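Residues 4 to 257 (our numbering) make up the sequence shown, in order. Built from N, CA and C at the ideal position, the CB exists for glycine as well. Note that this is a predicted model, so its numbers are computed, not measured.
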Amino acid sequence: MGTLGWIIAGGLFMSLIALFGAITFALPVKTREQLILPLVAFSAGSLLAGALLHMIPEAVKRSDGGIATYLWVLAGFTAFLALEQFLQWHHWHDNASHVEGATRQHGSPLSLLMVIGDSIHNFLGGVAVAGAFVVDTGLGITTWLVAAAHEIPQELGKYGVLLHGGWSRGRALLINGLASLTFLFGGIIAYAISTELDVSFLVPFAAGNFLYIAASDLVPEVNRHHLIRTNLVHFTAFAAGISLLFAIKVLAGE
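The structure is reproduced here in structure tokens:
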């Protein structure tokens, strides 16, 4: 299968993950609550290990040894910080409007904002994964696996937020599926421009994205509990995410 085939297949499979949130609602509420934070911890470990063990070393190996690779990592980190700050500002603005008397309705502004933000996030993820596939198929597969590990707990949480915002299950599932298709669009666009220019910079840029998501969004979520047993479960899941990516690196013979 060629590079474009891998990118399209990866985009379609990522879209299927949007169904995960709906499937988990067949589980008892207590079971879902017990699953989500260990999945978040596993995702955090996977993102960190994917960036530090796979993506950055590959980018350094293919560069001229200069500082440009690390600048792209910082650019990826900073870009997601800026995106999240923009979305947080709108989150506060919408909450203020709600407090002043706005009523919740189907497709409330806050829910729509979350869908828009997730669509942008998926688009950038598709661009980054496609860039990795263009550089090397093995790196592309690894990058896709790391992105998928992050997407599963995110979809679970996002689906719950949409239902809480007044969306029906069918509507939430449909919108989730459409938002996830931007991953595929981003991948196709990245592949199209790769014929005109070198897109290898997307690998360290995506590594910076992954580092930001893990360190800023995910680790704080699993690092706010005081029970030893809970923390041990979360740490074990985090270590499992790192171990999986390390095992992939060893098995790949790198």
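For residue i, the first and last residue of its enclosing alpha helix (DSSP H)
i	result
Glu-199	Glu-199 -> no alpha helix (DSSP H), and no H or E assigned at all.
Arg-227	It is not in any alpha helix (DSSP H) - Arg-227 carries neither H nor E in the DSSP assignment.
Leu-248	231–254
Pro-31	Neither: Pro-31 is in no alpha helix (DSSP H) and is coded neither H nor E.
Phe-213	205–215
Length of the line joining the Cα atoms of residue i and residue j
i	j	result
Ala-246	Glu-61	Checking the sequence shown, residue 246 turns out to be Ser, not Ala. Approximately 19 angstroms between the Cα atoms of the pair.
Phe-126	Leu-38	27 angstroms
His-237	Arg-65	35 angstroms
Phe-45	Leu-177	27 angstroms
Ala-242	Ala-152	14 angstroms
Phe-16	Gln-88	29 angstroms
Asp-139	Trp-9	11 angstroms
Tyr-73	Ala-54	12 angstroms
Leu-40	Ser-219	15 angstroms
Gly-79	Thr-34	35 angstroms
Val-132	Ala-193	9 angstroms
Lys-252	Asp-67	23 angstroms
Val-63	Gly-244	23 angstroms
Val-225	Pro-31	21 angstroms
Ala-175	Ile-119	13 angstroms
Ala-209	Met-4	24 angstroms
Val-76	Ala-255	24 angstroms
Neighbour-count burial assignment, residue i, 16 or more Cβ in a 10 Å radius
i	result
Trp-95	The predicted position of Trp-95 is uncertain, since its pLDDT is 46 and thus under 50; a value taken from the coordinates is nonetheless stated next. With fewer than 16 Cβ atoms within 10 Å of its Cβ, Trp-95 is classed as exposed.
His-124	buried
Ser-183	buried
Ser-171	exposed
Gly-190	buried
Given residue i as reference, the closest of the options once Cα atoms are compared
i	options	result
Leu-7	Gly-134, Phe-204 and Ile-70	Gly-134
Ile-216	Asp-139, Ala-52 and Ala-47	Ala-47
Ser-197	Val-137, Phe-80, Pro-41 and Ile-251	Val-137
Val-222	Leu-22, Ser-49 and Tyr-73	Ser-49
Phe-188	Ala-255, Phe-204 and Ser-18	Ser-18
Leu-248	Leu-22, Ala-21 and Leu-56	Leu-56
Gly-173	Ala-21, Gly-14, Leu-230 and Leu-84	Ala-21
Gly-13	Ala-240, Thr-239, Val-76 and Trp-147	Trp-147
Leu-51	Gly-128, Phe-83 and Ala-150	Ala-150
Coil, strand or helix - residue i by DSSP
i	result
Ala-85	helix
Gly-69	coil
Met-4	coil
Ser-183	helix
Ser-171	coil
Asp-121	helix
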